[in-house]
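Each remark here refers to the structure printed beneath this line.
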Amino acid sequence: MEIVSCGILKKEIQHLVRKNRWTFRERYLDSSLHIDFNKLENALDATLTKVEASPPLLVYGTCHPLMDEICRRYGAVRTEGQNCVEILLGKDIFQRELKRGAFFLLEDWARSWDRIIPATMGSKKSIQKEIFRDSHKYFLALRTPCSDDFKNEAEQISREMGLPLHWRDADLKNLENVLKKTMSSFGSMQP
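Residue numbers are given in the working numbering: position 108 of the sequence shown equals residue 121, and the series is strictly consecutive.
Structure below.
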């Protein structure tokens, strides 16, 4: 079995692979790909074409409007969830924080902020700030057991965008359960 995953959960998935002694190949794609549907589809096509074990397990949400079609093309089995944050936190927590106005910030995105955000919103901080303030009420930085310290990056983003920063510790239970459920759905590996 092979996992193809968004890189935003790379550390967490690697931890669970070691913990559970799962034996499969892992491939991780850049977490910023979902800001450009063409790049994401091309990267998924290029990666899934190379997968030797079938069917591949795709750890992605519905980050592309054709995600289910891409899965069908390669016989991939995709994890349930709208996006990687929901896959990590679970639907209830994700929906609750989203309704409160959260913009979720994981370590990978905090460290890549200056590369990712200008690519989607342009380089003017004033416009970025306006977009975030119109759409969100706060940043919710998610710390997992695998996270390094990204406090400085998160605080800088919060200051620059003019939104308060909240923190939440996120365990890996939901992610582990989602992976186990997805793996059991194709029966070739029982965790």
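By construction, the Cβ of each residue, glycine as well, lies at the ideal position given by its N, Cα and C atoms.
As the structure is a computational prediction, the values presented were derived from the model and not from experiment.
Between which residues of its own chain and residue i is the CB-CB distance below 8 Å, once the five residues before and five after are set aside?
i	result
His-179	Ala-115, Tyr-151, Phe-152, Leu-153 and Ala-154
Leu-188	Leu-22, Glu-25, Ile-26, Leu-29, Ile-100 and Leu-101
Pro-78	Phe-50
Arg-128	Ser-45
Glu-54	His-77, Leu-79 and Ile-83
Ala-66	Met-14, Glu-15, Phe-37 and Arg-38
Can you tell which of the options has its C-alpha closest to the C-alpha of residue i?
i	options	result
Tyr-87	Thr-75, His-77 and Leu-70	Leu-70
Asp-161	Val-191, Ile-130 and Arg-124	Arg-124
Thr-62	Asn-96, Arg-31, Ile-16 and Lys-32	Ile-16
Trp-122	Arg-40, Ser-198, Glu-39 and His-47	His-47
Leu-119	Ala-59, Glu-173, Arg-40 and Asp-182	Asp-182
Ser-197	Leu-53, Leu-57, Arg-91 and Glu-82	Arg-91
Val-64	Met-14, Asn-190, Pro-158 and Lys-186	Met-14
Tyr-73	Asp-81, Ser-67 and Ala-66	Asp-81
Arg-156	His-149, Asp-147 and Ala-167	Ala-167
Phe-199	Asn-33, Pro-68 and Ala-56	Pro-68
Taking only three categories from DSSP, how would you classify residue i?
i	result
Ser-201	At Ser-201, the pLDDT of 46 sits below 50, so the modelled position is not reliable; the number obtained from the coordinates is stated separately. Three-state DSSP puts Ser-201 in coil, outside helix and strand.
Arg-172	helix
Asp-49	coil
Ala-115	strand
Leu-185	coil
Phe-152	strand
Can you give me the start and stop residues for the beta strand (DSSP E) that residue i sits inside?
i	result
Cys-159	Premise fails: Cys-159 is in no beta strand (DSSP E) and is neither H nor E.
Ser-18	15-19
Kindly indicate the opening and closing residues of the alpha helix (DSSP H) around residue i.
i	result
Arg-124	120-134
Asp-147	138-148
Leu-29	23-33
Quick one: residues in its chain with C-beta nearer than 7 Å to the C-beta of residue i, no 5 flanking neighbours on either side, listed in chain order?
i	result
Phe-145	Phe-116, Met-174 and Leu-176
Phe-107	Val-98 and Glu-99
Lys-52	Leu-46
Thr-133	Ile-48
Met-202	Confidence in Met-202 is poor, its pLDDT being 41 and thus under 50, which makes the residue's placement unreliable; the coordinate value appears in the next sentence. The answer, listed in chain order, is Met-14 and Met-196.
Report yes or no: is there a C-beta of chain B within less than 8 Å of the C-beta of residue i?
i	result
Ile-129	You won't find chain B in this structure, because it holds only one protein chain.
Notebook entry, point to check: What runs of the beta strand (DSSP E), each 3 residues or longer, lie entirely inside the stretch 55-99?
Noted result: 70-72
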